[in-house]
Amino acid sequence: MNDTRQQHNVACHCGAVQFKARLTDGFNTIRRCSCSYCRMRGAIAVSARLQDIEFVAGEGNLTLYQFNTGTAKHYFCKTCGIYTHHKRRSDPDQFGINVACIEGISPFDFPEVVVTDGILHPSDSDGRSRIAGMLRYSPTE
1 MNDTRQQHNV
11 ACHCGAVQFK
21 ARLTDGFNTI
31 RRCSCSYCRM
41 RGAIAVSARL
51 QDIEFVAGEG
61 NLTLYQFNTG
71 TAKHYFCKTC
81 GIYTHHKRRS
91 DPDQFGINVA
101 CIEGISPFDF
111 PEVVVTDGIL
121 HPSDSDGRSR
131 IAGMLRYSPT
141 E
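Next up, the structure:
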């Protein structure tokens, strides 16, 4: 079977880290999280399965950050410090890809983004993701 999902080019700010990704459901999985780390990071992520990313350059230039349970793995470029992706705690078979690192995409392209409740994480409760709110963007004219 051929995979008809679009392949996206992903890169950090300086271009040292580059990979290709096929998203699980296009941009329909876009979201933010309200956990302590994501609140500070401020990134919007979209989902890709682990096997659906392929590094083109700079995999060795990534640095890893983990906290709390250590299950999620957050990756950053060692050179420019940009968060490119993370292995999800809620689904360790997926990566969350920073939409700002996807070529031709901006976090401001999305008028509404669901914010999931990362404080009451699904792995710490009944396994269900809860919505903490909505992030809205409307450009001024």
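Every letter in the sequence shown is one number past the one before it in the UniProt record's numbering, and letter 60, counting from 1, is 60.
Using N, Cα and C, we set each Cβ at its ideal position, and we do this for glycine too.
On a predicted model such as this, the values are computed, not experimentally measured, just so you know.
- Taken through DSSP and simplified to helix, strand or coil, glycine 70 comes out as coil.
- Taking C-alpha positions only, threonine 24 is separated from methionine 134 by approximately 21 Å.
- When rounded, the separation of the alpha-carbon atoms in threonine 84 and isoleucine 53 is 12 Å.
- Close CB contacts of cysteine 80 within its chain, under the 6 Å cut and outside five residues either way in sequence, are with Cys12, His13, Cys14 (chain order).
- By the neighbour-count definition (other C-beta atoms within 10 Å, threshold 16), phenylalanine 55 is an exposed residue.
- Non-local beta-carbon contacts of isoleucine 131 in its own chain, meaning distances under 8 Å to residues more than five positions away in sequence, involve Val114, Val115, Thr116, Asp117 in chain order.
- At the C-beta level, leucine 50 and glutamine 94 come within 9 Å of one another.
- Per the coordinates, the alpha-carbon of alanine 21 lies some 7 Å from the alpha-carbon of asparagine 9.
- When beta bridges are read from the DSSP output, asparagine 9 appears opposite Lys20.
- Counting along the chain, no beta strand (DSSP E) covers tyrosine 137, and no H or E run does either.
- As DSSP reads the structure, cysteine 33 sits in a beta bridge with Thr116.
- Rounded to the nearest whole angstrom, the CA to CA distance from glutamate 103 to arginine 31 is 18 Å.
- Distances from the CA of aspartate 109 to each of Arg88, Arg136, Pro92 were compared; the closest alpha carbon is that of Arg136.
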